[in-house]
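Step one of this worksheet: look at the structure below.
2 protein chains.
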Amino acid sequence: MPSVTVENYLKRILLLSAGNGGLVSMGALAEALAVVPGTVTTMVKALAADGLVVHAPRRGVRLTAAGRRLALGVLRRHRLVETFLVNVLKMDWGAVNAEAEQLEHAISDAVLDRLDALLGHPSVDPHGDPIPGRQGQLPSQVYATLATCGLARALRVVRVTDQSMEFLQFAEKHGLRPGAAVRVTDRHLASGLVTLRRPGGRPLTLSLVAAGRILVEPER
Amino acid sequence: MPSVTVENYLKRILLLSAGNGGLVSMGALAEALAVVPGTVTTMVKALAADGLVVHAPRRGVRLTAAGRRLALGVLRRHRLVETFLVNVLKMDWGAVNAEAEQLEHAISDAVLDRLDALLGHPSVDPHGDPIPGRQGQLPSQVYATLATCGLARALRVVRVTDQSMEFLQFAEKHGLRPGAAVRVTDRHLASGLVTLRRPGGRPLTLSLVAAGRILVEPER
DNA sequence: GAATACATTTTGACTAGTCAAAACAAACGG
DNA sequence: CCGTTTGTTTTGACTAGTCAAAATGTATTC
Chain A
1 MPSVTVENYL KRILLLSAGN GGLVSMGALA EALAVVPGTV TTMVKALAAD GLVVHAPRRG
61 VRLTAAGRRL ALGVLRRHRL VETFLVNVLK MDWGAVNAEA EQLEHAISDA VLDRLDALLG
121 HPSVDPHGDP IPGRQGQLPS QVYATLATCG LARALRVVRV TDQSMEFLQF AEKHGLRPGA
181 AVRVTDRHLA SGLVTLRRPG GRPLTLSLVA AGRILVEPER
Chain B
1 MPSVTVENYL KRILLLSAGN GGLVSMGALA EALAVVPGTV TTMVKALAAD GLVVHAPRRG
61 VRLTAAGRRL ALGVLRRHRL VETFLVNVLK MDWGAVNAEA EQLEHAISDA VLDRLDALLG
121 HPSVDPHGDP IPGRQGQLPS QVYATLATCG LARALRVVRV TDQSMEFLQF AEKHGLRPGA
181 AVRVTDRHLA SGLVTLRRPG GRPLTLSLVA AGRILVEPER
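Top to bottom, those sequences are chains A and B. Note that this note's numbering has the first sequence beginning at 1, numbered continuously upward. Note that this note's numbering has the second sequence beginning at 1, numbered continuously upward.
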């Protein structure tokens, strides 16, 4: 049974490896885990010895099949718990991430299955993030973001890929939760600003970086 | 924030201190925690240094007010989680103890409050054990057991004070769950046997020890 | 009251995970 | 090409929790 620490490392590597060729730098991992870089090096070598990752010294780390399977399990627990906290316990959208961070390590498969059934086998969590299946299948779809989508198109928010409480509350406040209709009216690369409009709402300006964290799909 | 280990020690001390004058022996604690006695001595000294217990060397250990408050918190989490697992997730009566053992350390006050409300602020868990209140108030009532009650009286099971899966499954199988009607027809001290009868059920014989783990109150 | 039994405590050692700080490698700028 | 910057690895040390086994009290028995 992997320790809480191992589960956290694997989950982080999985989350950070989206984008690059699956290779995660020691620095990024240390940052995300709130740990000193040297610790990560030590720990990653231990994970590699257990066959959960491959470590390319001074280049980065990548999950093995076994490591990925474990990481997807943690992610599944995390996202199902989040869904439960929001849908059943009616907890605050922004606060559930921290709660799930704890519970994801304490929940057994038996409990998880019941929870999954109770929630109606959801495929995405309240932030719109996909929930891995029991065998680790991940409906990996490529979405545009508010930073990359076409202008003036009718769009729908599908996902918010930033778990920080400030960002989630900001998004919530302006109605940018999964399912919300939105339209980008202007994008100015030099100043790094994106302006959007929600039907019935005031125009909203945010940075390109923030816009890049909101995934969208064409309306209908 | 107390560690998982500290929480487990405190909870065990609380559970074992019922009966004796609150004084728990190192041996009993080691046994209950599945740890070697020397480890308990070391750990108890650390707990004492933190003001959570008082350690009377070679005599035993007792909770301080602070330790008791913490322990009751853990117990509250444990029993509310059990109630949730049985009442909402419809999990097996005998299996929930092990699950709750993990979850009790991962659940925050915020989540617990919602859970408590969802369950309708229950005062006992599925085994009939009382659930401590938010401020640690424990409805401490003295019950008779099947080993001590009067003969031929109409009784009702209120609580099963043995968390082992075998015992719980045995009790379940013979309808001895909280609320069940029962009557002791015979008790033979020499052989250590108790015979009972459930309305509409066959007579059942069990040992005095086992009978002592089933708390009852007079019918009506 | 001495001898024995039993529980408890002490001692030394080990594992998992972490940090601080020194040593190192690779890339980059001039 | 050489020096500097930047990220990575190594080293040594520390904490929490644990065990095995020896040492020590305390009780019990005769």
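Just so it is clear, CB atoms sit at the ideal spot from N, CA and C, and this is done for glycine as well.
Taking a Cβ-Cβ cut-off of 8 angstroms, A/Q163 has no neighbours in chain B, whose nearest Cβ is about 17 angstroms from it. Residues of chain B whose Cβ lies closer than 8 angstroms to the Cβ of A/M91 are, in chain order, A110, V111 and R114. Partner residues in the beta bridge of B/E217, as assigned by DSSP, are B/R156. Taking the CA atoms as reference points, A/R183 sits about 51 angstroms from B/E7. The three-state reading of DSSP puts B/H188 in strand, counting E and B together.
In this structure, DSSP gives A/R198 a state outside helix and strand, which the three-state scheme calls coil.
Under DSSP, B/L204 takes part in a beta bridge, and its partners are B/L196. Only residues of its own chain outside the window of five on either side were considered, and among them V81 have a CB closer than 6 angstroms to the CB of A/L103, listed in chain order.
Rounded to whole angstroms, B/R79 and A/V209 show a C-alpha spacing of 45 angstroms. The C-alpha of B/P57 lies about 13 angstroms from the C-alpha of B/L47. The beta carbon of B/M26 sits closer than 8 angstroms to those of P37, V40, T41, V44, G60 and V61, all from its chain and outside the five residues before and after it, given in chain order. By the Cβ rule, the segment 90 to 108 of chain A counts as touching the segment 158 to 170 of chain A, because three or more pairs are nearer than 8 angstroms.
The Cβ of A/L85 sits closer than 8 angstroms to at least one Cβ of chain B. Rounded to whole angstroms, A/V54 and A/G21 show a C-alpha spacing of 13 angstroms. With fewer than 16 other CB atoms across the displayed protein chains lying within 10 angstroms of its CB, A/L151 is exposed. Sequence-distant partners of B/L75 (beyond 5 residues in either direction) whose C-beta falls short of 7 angstroms from its own C-beta, in its chain, are K11, L14 and P132. Among the CB atoms of chain B, one or more fall inside 8 angstroms of the CB of A/H105.
Runs of the alpha helix (DSSP H) spanning 4 or more residues and lying entirely within the segment 34 to 66 of chain A occur at 37 to 49, in chain order.
For B/T145, the three-state secondary structure derived from DSSP is strand. In this structure A/L146 touches A/V216 by the C-beta definition: roughly 6 angstroms separates them, less than 8 angstroms. Within chain B, no residue has its beta carbon less than 9 angstroms from that of A/E172; the closest one is some 17 angstroms off. Across the segment 183 to 204 of chain A, no CB contact with chain B closer than 8 angstroms is found for any residue.
Close partners of B/L118 in chain A (Cβ separation under 7 angstroms): L89. A/P130 has A/V124 as its beta-bridge partners, per DSSP.
In the three-state reduction of the DSSP assignment, A/V24 falls in the strand class. Here B/E99 is buried. Its C-beta has 16 or more other C-beta atoms within 10 Å.
A/P218 counts as exposed, since fewer than 16 other C-beta atoms from the protein chains shown sit within 10 angstroms of its C-beta. Spatial neighbours of B/D162 in its own chain (CB-CB distance under 6 angstroms, excluding positions within 5 residues in sequence) are listed in chain order as R213. Buried is the label assigned to B/H127, since at least 16 other Cβ atoms lie within 10 Å of its Cβ. A Cβ-Cβ contact shorter than 8 angstroms links A/G175 with A/G201.
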